[in-house]
Amino acid sequence: MFEFQQYLGFLLFLTILTIGFWLMIFLVGFVQYWVGGAIMELLKEKREKRLAEEEK
Numbered sequence: 282m283f284e285f286q287q288y289l290g291f292l293l294f295l296t297i298l299t300i301g302f303w304l305m306i307f308l309v310g311f312v313q314y315w316v317g318g319a320i321m322e323l324l325k326e327k328r329e330k331r332l333a334e335e336e337k
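If you read the sequence shown in our numbering, its first letter stands for residue 282, the second for the next number, and so on.
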């Protein structure tokens, strides 16, 4: 059977694995949000520039 120290080591491993998993999900979501917002801003600037040139 397992000794108490091995049990604590296993719990520590599971804790670190779980924290890493949720951190990865958070970062992937945040990066997608960041890139998506940057692309939308770029498209908006290009559209405004094109409309300004058409008005001249």
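Here a beta-carbon is modelled for each residue, glycine too, at the ideal position from N, C-alpha and C.
As the structure is a prediction and not an experimental result, all values here were calculated from the model.
Coarse secondary structure for residue i, derived from DSSP in three states
i           : result
residue 330 : helix
residue 337 : coil
residue 284 : coil
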